[in-house]
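If you read the sequence shown in the numbering used here, its first letter stands for residue 2, the second for the next number, and so on. Glycine included, every Cβ here is placed at the ideal spot set by N, Cα and C. As the structure is a prediction and not an experimental result, all values here were calculated from the model. Quick notes on the structure that follows.
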Amino acid sequence: MSQSYDRGLVEDFGRWREFSAGMWAWVFHKFTGWVLVGYLFTHIAVLSTAISAAGQSQATIAANNDVYTTVIVTLESLLVVRILEVGLLAVAVFHILNGCRLLLVDLGIGLDSQDKSFYASLILTGAIVVASVPTFLAGVF
């Protein structure tokens, strides 16, 4: 015998308030994982511009006039790219810290303090990102 459970309307956005820290950790972990996968494909697409530089002479490459170097220098000079890099750092750091937290939980360590460890991973991510902002934005202004 199976029991049915009324889960309510999917469109009922008020249900988001019912999520506990564990559910938010799961949602953020999945979201950051998909962002990292999207970044990986974008990164490969941008770096593939180096293929056209492969046939160029060593003098052109040494003078930093090849296509790859030009694309990278152009992208790094844009403020929006630097801000996106800070966002990428935030996504990667949270994903790593939350993954370590999940590993410890799977090993049975800290089962009773999952909420606290999730909040700690959020705070540590924020601290690392804030401390890294001057490094990422150096040279843009």
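Is the distance from the Cβ of residue i to the Cβ of residue j below 8 Å?
i: residue 47; j: residue 87; result: no
i: residue 85; j: residue 126; result: no
i: residue 92; j: residue 36; result: yes
i: residue 40; j: residue 89; result: yes
i: residue 114; j: residue 102; result: no
i: residue 23; j: residue 96; result: no
i: residue 104; j: residue 111; result: no
i: residue 80; j: residue 134; result: no
Classify residue i: buried if its beta carbon has 16 or more other beta carbons within 10 angstroms, exposed otherwise.
i: residue 132; result: exposed
i: residue 43; result: exposed
i: residue 94; result: buried
i: residue 78; result: exposed
i: residue 26; result: buried
i: residue 49; result: exposed
i: residue 21; result: exposed
Could you have a look at residue i and say whether DSSP puts it in helix, strand or coil?
i: residue 137; result: helix
*In the stretch 71 to 123, which residue ranges form an unbroken alpha helix (DSSP H) of at least 4 residues, counting only runs that do not cross its ends?*
80 to 107
*Report the residue ranges of all alpha helix (DSSP H) runs contained in full by the stretch 13 to 49; include only those spanning at least 4 residues, in chain order.*
22 to 48
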